[in-house]
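S.K.: First to last, the protein sequences are chains A and B. Residue numbering for the first sequence follows this note's numbering, beginning at 26 and increasing consecutively. Residue numbering for the second sequence follows this note's numbering, beginning at 1206 and increasing consecutively.
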Amino acid sequence: MADKLMSMKEAINLHVPDGSSVCIEGFTAFICFAAGHEIIRQRKRNLTLIRMTPDLIYDQMVAAGVARKMVFSYLGNPGVGALHCVRRAVERGSPAPLEVEEYSHYGMVGRYVAGASRLPFFPLRSYAGSDLPKVNERIRFVDSPFGDETVAVVPPINPDVTIVHTQRADREGNAHLWGLLGAQKEAAFAGRRVIVVAEEIVDEAVIRADPNRTLIPGLIVHAVVHEPHGAHPSYVQGYYDRDNEFYLEWDKLSRDESRVREWLNEWVYSVADRAEYLRKLGAARMEKLRPGPAPAAAVDYGEYK
Amino acid sequence: MSDSTYTPTELMIIAAARALSGTRTVFVGVGLPNVACNVARRTVAPDLELIYESGVYDARPARQPLSIGDPTLVTRATSVVSMADLFGLYLQGGRVEVALLGGAQIDRHGNLNSTVIGDYARPVTRLPGSGGACEIAINAQRIFVIMQLKKRAFVRKLDFLTSPGHPARQGTGPDIPGHGPQLVVTDKGMFDFNNQEREMQLVSRHPGCTMEEIRAEVGWDVRVAAGAGTTPPPTTGELLILREARGTMAGGE
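(1) A:Ala153 versus chain B: which residues are under 7 Å apart at the beta carbon?
(2) Enumerate in chain order the residues of its own chain whose CB-to-CB distance from A:Ala223 is below 8 Å, with the five nearest sequence positions on each side excluded.
(3) Determine the DSSP secondary structure at B:Ile1273, reduced to helix, strand or coil.
(4) From B:Gly1456 to A:Val91, what does the alpha carbon distance come to, in whole angstroms?
(5) Nearest by alpha-carbon distance to A:Glu328: which of A:Tyr294, A:Arg233 and A:Arg238 is it?
(6) On the three-state DSSP scale, how would you describe A:Lys159?
(7) Take B:Val1360 and list the residues in its own chain whose beta-carbon comes closer than 7 Å to its own, dropping the five residues that flank it on each side.
(8) Taking the beta strand (DSSP E) that B:Ser1409 belongs to, which residues open and close that run?
(9) Name the residues in the segment 1317-1332 of chain B whose C-beta lies less than 7 Å from a C-beta of chain A; which are they?
(10) Identify each residue in the segment 169-185 of chain A for which the Cβ-Cβ distance to at least one residue of chain B is less than 7 Å, and report them in chain order.
(11) List the residues that DSSP assigns as beta-bridge partners of B:Gln1310.
(12) With H, G and I counted as helix, E and B as strand and the rest as coil, what does DSSP make of A:Gly327?
(13) Using a cut-off of 8 Å between C-beta atoms, extract the partners of A:Gly53 located in chain B.
(14) I'd like to know whether the C-beta of A:Asp266 is nearer than 8 Å to at least one C-beta of chain B.
(15) Measuring straight from C-alpha to C-alpha, what distance separates B:Met1405 and B:Val1427?
(16) Got a sec: which bits of the segment 1346-1364 of chain B sit with their beta carbon under 9 Å from any beta carbon on chain A, in order along the chain?
(17) Quick one: Cα of B:Arg1223 to Cα of B:Arg1347, how far?
(18) Leaving out five residues before and five after A:Leu314 in sequence, what residues of the same chain have Cβ atoms less than 7 Å from its Cβ?
(19) Using CA atoms only, rank isn't needed, just tell me which of A:Gly216, A:Glu127, A:Val111 and A:Ser142 is closest to A:Ser121.
(20) In angstroms with no decimal places, state the Cα-to-Cα distance between B:Leu1474 and B:Ile1343.
(21) Once you ignore the five residues that flank B:Thr1283 on each side, which residues in its own chain have a CB closer than 7 Å to its CB?
(22) Using 8 Å as the limit for Cβ to Cβ distance, is B:Thr1280 near chain A?
(23) Using a Cβ cut-off of 8 Å (strictly closer), state whether A:Val219 contacts chain B.
(24) Anything in chain B within Cβ reach of A:Phe166, meaning under 7 Å, just list it in chain order.
(25) Which of the residues in the segment 127-141 of chain A, read from start to end, lie with their CB under 9 Å from any CB of chain B?
(26) Along the chain, where does the beta strand (DSSP E) that runs through A:Glu124 open and close?
(27) Does A:Gln209 come out as helix, strand or coil in the three-state DSSP assignment?
(28) Using a Cβ-Cβ cut-off of 6 Å (strictly less than) and excluding sequence neighbours within five positions of A:Pro148, which residues of its own chain qualify?
(29) Taking the Cβ atom as the reference point for each residue, do A:Val24 and A:His254 lie within a distance shorter than 8 Å?
(30) Any contact between the segment 206-220 of chain A and the segment 102-110 of chain A? By contact I mean 3 or more CB pairs, one from each, below 8 Å.
(31) Quick one: Cα of A:Ile37 to Cα of A:Asp298, how far?
(32) Restricting to Cα atoms, I'd like to know which of A:Ala54, A:Gly44 and A:Val47 is closest to A:Pro258.
(33) Within a Cβ cutoff of 8 Å, which residues of the same chain sit near A:Met26, ignoring the five residues on either side of it in sequence?
(34) Taking 8 Å as the cut-off, decide whether the C-beta atoms of B:Asp1392 and B:Gln1353 are in contact.
(35) Which value, in whole angstroms, describes the spacing of the CA atoms of B:Leu1278 and B:Glu1417?
(36) Check for me: the beta strand (DSSP E) holding B:Glu1254 runs from which residue to which?
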């Protein structure tokens, strides 16, 4: 078994060159802020950021000037409101213009599926009558070869690197995931390279004891990073809750560009890594986010000899 | 028994809940639609199952969900699936009976805008975009729209058409499996599309709302259905259930 365990610093340095396309997936859950912050700290430039829901992580990355372009399907601070940094970039070109390429959720999911399974396009029943195909020429319609129906199609997407946060992985990158699965598996298989970030690094035997839960196999993984609480202020099912206070606080402070710069200085540029970020945050804050237990009944795969 | 101490928003939620009578599967967001579903489950739709685009089928949230991706929607749900399965097998597979949608703008055919105000390339206001709304509008069997009746929202012409309603004329465009918008529930009245042109028409005014008030908030000359009446006010029982639901489950958007 190959040992791919390395620090976030090494993984980002090795696998996220300037100008590359980067996908940090995770639908409200499992958003790897630790990776986003390391990309900002290493002052990467001209990245294409891919994600269904840019969320606060891409708002911060756009504000920090790492992005040239964004590919997405829903721009929002979930349950709170708008992404003010992205809005400034799109509405006023401030601090720099941001090219956008926009789909619907199922369109984005389909792009990952096509990219992962090497198909030239993904067909879906969407976009009929919508203006989205008028502003994105990569959303098209084709006639069915088997009847007289017309369906929408979207092209495959293969991010240069996909970064997915998970509950646990072994040192080769075989990873268990439960909760909101989002498009973690599809985005990972679509990635030319994959960084798996895990709350816990476990023995291979833990993975093999529950193979249905292995959404991402080490086969497709290039780096494994152990980063407990690496998804804060988003959440990891069963490990910690969303830090909603931060989502509300960001809604206020991100309306002001100078306050965003101060925040990035204090919480990203001035801290060495996630461990220092967590020390600065304080153990009490993470403790408050710990959920009560709700275990499933044990699953018995059976011993067959 | 009716109760006269309710707000327009409370009647809007109760009217939406009543419309879910007999429904099993509803595709829903957070906020008022979520509350409407919780009221419906305890009144007219005891078998109601909530489906969220985040991949949750039949959620049983123990607290107010902060967003459609809240972990409380996962714990004790019947099933949680990938978004590829949620959109492919559940939504596109025709398993969603009703979807509750909203938007920044709606036109007379029930087309919705949630993308931009102003020009797309240099928008005055960049809105969130489609999310799943475009394919939900096309694939759910029935669409109920819940929006406050406001002139800037009920417009003659959308700045951008994100999610399709009824086509303005019968075309030969791509197949739309669902039946499109059936109902628009507002704080002042209810509208349906039951006419040949599939154009929004007032079917009932909420108690105390005049025709002038309604016309003042619609950007076109709004039709009134033959036999349009008054929305029955909330009953004491409905209000009790709603206020309890909002106290424990209300979404805060």
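For glycine and all other residues, C-beta sits at the position ideal for the given N, C-alpha and C.
M.R.: Inspection of the coordinates gives the following:
(1) Ordered by position in chain B, the residues that pass the 7 Å Cβ test against A:Ala153 are Ile1343, Pro1369, Gly1378, Pro1379 and Ile1381.
(2) Once the five neighbours on either side are set aside, the close Cβ partners of A:Ala223 are His190, Thr191, Gln192, Arg193, Ala194, Ala200, Val249, Val250, His251 and Glu252.
(3) Coil.
(4) In this predicted model, B:Gly1456 has a pLDDT of only 40, less than 50, meaning its place in the structure is not dependable; the value taken from the coordinates is given anyway. The alpha-carbon atoms of B:Gly1456 and A:Val91 are separated by roughly 34 Å.
(5) Answer by Cα proximity: A:Arg233.
(6) The answer is helix: DSSP assigns A:Lys159 an H, G or I state.
(7) For B:Val1360, same chain residues with a beta-carbon under 7 Å away, outside a window of 5 residues either side, are Gln1310, Asp1312 and Gly1424 in chain order.
(8) Annotation for B:Ser1409: the continuous beta strand (DSSP E) segment containing it runs Gln1406 to Arg1410.
(9) Those would be Tyr1325, Pro1328 and Arg1331, in chain order.
(10) For chain B, the residues of the segment 169-185 of chain A that bring a beta carbon within less than 7 Å of one of its beta carbons are Glu174, Thr175, Val176 and Ala177, in chain order.
(11) According to DSSP, which records beta bridges pairwise, B:Gln1310 is partnered with B:Asn1318.
(12) Assignment of A:Gly327 by DSSP, reduced to helix, strand and coil, places it in the coil class.
(13) The sequence given here places Thr at residue 53 of chain A; Gly does not occur at that position. Annotation: Cβ neighbours of A:Thr53 in chain B (cutoff 8 Å, chain order): Ser1259, Ser1272, Ile1273, Gly1274 and Asp1275.
(14) Yes, A:Asp266 counts as interfacial toward chain B.
(15) Each residue's Cα considered, the two are about 8 Å apart.
(16) Close to chain A, meaning a Cβ-Cβ distance shorter than 9 Å, are the following residues of the segment 1346-1364 of chain B: Leu1363.
(17) When rounded, the distance between both Cα atoms is 15 Å.
(18) Excluding residues within five positions, the ones whose Cβ falls inside 7 Å are Tyr265, Asp266 and Asp268.
(19) Going by the sequence as given, residue 121 of chain A is Ala instead of Ser. The shortest C-alpha separation from A:Ala121 is found at A:Val111.
(20) Examination of residue 1474 of chain B is not possible in this model, given that chain B is present from 1206 through 1458 alone.
(21) Same-chain partners within the cutoff: Tyr1262 and Asp1263.
(22) Interface criterion met: the Cβ of B:Thr1280 is under 8 Å from a Cβ in chain A.
(23) False, the Cβ-Cβ gap to chain B never drops below 8 Å.
(24) Against chain B, a Cβ distance below 7 Å from A:Phe166 picks out Pro1379.
(25) Answer set for the segment 127-141 of chain A: Glu127, Tyr128, Ser129, His130, Tyr131, Gly132, Met133, Val134, Gly135, Tyr137 and Val138.
(26) Per DSSP, A:Glu124 belongs to the beta strand (DSSP E) from Glu124 to Glu127.
(27) In the structure shown, the three-state DSSP call for A:Gln209 is helix.
(28) The residues are Val176 and Val178.
(29) A query on residue 24 of chain A cannot be resolved here, the shown segment of chain A reaching from 26 to 330 and no further.
(30) The segment 206-220 of chain A vs the segment 102-110 of chain A: no contact.
(31) Between the alpha carbons of A:Ile37 and A:Asp298 lies a gap of roughly 12 Å.
(32) Comparing Cα-Cα distances from A:Pro258 to each of A:Ala54, A:Gly44 and A:Val47, the minimum goes to A:Ala54.
(33) Around A:Met26: Asp195, Arg196, Glu197, Glu229 and Gly243.
(34) With respect to B:Gln1353, B:Asp1392 sits close: the two C-beta atoms are nearer than 8 Å.
(35) In this model, B:Leu1278 and B:Glu1417 are separated by some 42 Å (Cα to Cα).
(36) From DSSP, the beta strand (DSSP E) with B:Glu1254 extends over Glu1254 to Tyr1257.
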